[in-house]
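Enquirer:
In the working numbering, the protein residues as written are 4 to 363.
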């Protein structure tokens with residue numbers, strides 16, 4: 004089992020080569036068009052995110068955070084969202100051409116969208132309350148997010164980026180959180196809550212608001228879709244502590260009982276599917292520290308990917324099957340990359356600040 008080593012540092016560059024600078028200029032031009040052409044079709048030809056693309060992440064102390072990007076090898080690192088306010092939680096669109104992020108630059112936390120190079124950031128919500136948990140639609144035209152209603156209850160809203168008029172998507176429970184859009188675009192999964200903020204299970208809702216399915220019944224939350232949209236992994240506390248479960252949603256109206264994937268007295272949480280759907284990465288406290296593990300969707304082949312006496316967090320799979328995560332190996336958290344089996348761990352960001360919210 005691999006351990007992280009401070010010597011595994013790749014020298015990142017804060018400047019772009021001439022070729023990549025040209026790509027960023029091209030992205031800037033196409034990005035402006037993409038804000039006018041819904042879905043970012045004009046930006047799709049942009050070469051910024053060629054091969055394995057860029058990892059977006061938040062850097063800096065809370066209150067003055069910026070958003071940066073870096074290649075998986077640590078090169079071409081640069082700040083793309085730089086504002087005196089607090090900008091954080093970047094999320095790539097499905098086509099990798101735009102970033103959604105949260106910012107308090109207008110007095111409260113609102114949802115913004117910008118081209119991949121960070122230019123022309125567009126304020127997408129104007130509610131006077133704090134938005135959170137943004138998630139893109141597969142067609143790059145919509146976002147869902149969580150915001151409190153007039154009574155302070157969390158609700159899920161759907162935003163058409165061509166109109167910027169939010170629509171409340173969920174009804175029937177006292178509150179809703181954790182929206183997750185299926186890769187095929189058919190469903191939005193979320194956790195429903197009762198009036199005491201206790202989860203009532205995982206629900207499904209069509210983006211057009213027609214169908215509503217109460218999929219699981221328990222203290223369930225954090226749904227994560229498989230790449231083929233046929234299964235949902237989620238966290239459940241129905242057995243007294245946080246464990247991972249998987250439920251099949253690809254069979255139509257009848258849904259089978261969820262399969263318990265992990266079984267340990269410690270907390271297992273934050274499920275994330277590998278790009279090929281064969282593994283689920285997750286965080287666990289079973290070693291006494293928050294470490295990264297993987298397991299098959301059937302609960303087999305459990306493997307510890309990190310075995311350090313430090314805290315890991317924010318696990319995200321990359322399109323090539325590598326993983327990016329935050330590790331507190333040193334006094335300041337660093338952004339790390341590793342192979343799917345935990346090997347070849349390497350630091351891709353320099354020290355000296357705080358790194359959070361990676362997305363790849």
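The beta carbon of each residue, even a glycine, is placed where N, CA and C say it ideally should be. Computed from a prediction, not measured in an experiment: that's the story for all the values here.
1) Pick out whichever of 186, 151 and 183 has its Cα sitting closest to the Cα of residue 171.
2) Residue 315 and residue 294 look like a contact to me (Cβ under 8 Å); what is the Cβ gap, rounded to whole Å?
3) What residue from 354, 122 and 323 has the CA that sits closest to residue 329's CA?
4) For the region 81-88 against the region 129-145, do three or more pairs of beta-carbon atoms, one drawn from each stretch, fall closer than 8 Å, so that the two count as touching?
5) Please list, in chain order, all residues of the same chain as residue 105 whose beta carbon is under 8 Å from its beta carbon, the five residues on each side excluded.
6) Can you tell me which of the three DSSP states residue 360 falls into?
7) DSSP puts residue 223 in a beta bridge; with which residues?
8) When the distance is taken between beta carbons, is residue 326 closer than 8 Å to residue 318?
9) To the nearest angstrom, how far is it from the Cα of residue 202 to the Cα of residue 177?
10) How is residue 95 classed by DSSP in three states: helix, strand or coil?
11) So, under 8 Å CB-CB, residue 277 and residue 343 are touching, yes? Tell me the CB distance rounded to an integer number of Å.
12) How big is the Cα-Cα spacing for residue 63 and residue 360?
13) So which of 161, 82 and 227 has the shortest CA-CA distance to residue 212?
14) Report the rounded CA-to-CA distance for residue 292 versus residue 168, giving the unit in angstroms.
15) Residue 58 and residue 121 - do their beta-carbons sit closer together than 8 Å?
16) With distance defined between alpha-carbon atoms, name the residue in 156, 82 and 268 nearest to residue 243.
17) Taking DSSP as the reference, what is the three-state secondary structure of residue 108?
Expert: Looking at the atomic coordinates:
1) 151
2) 6 Å
3) 354
4) no
5) 90, 91, 92, 112, 113, 114, 115, 134, 135 and 137
6) strand
7) 239
8) yes
9) 10 Å
10) strand
11) 6 Å
12) 11 Å
13) 161
14) 43 Å
15) no
16) 268
17) coil
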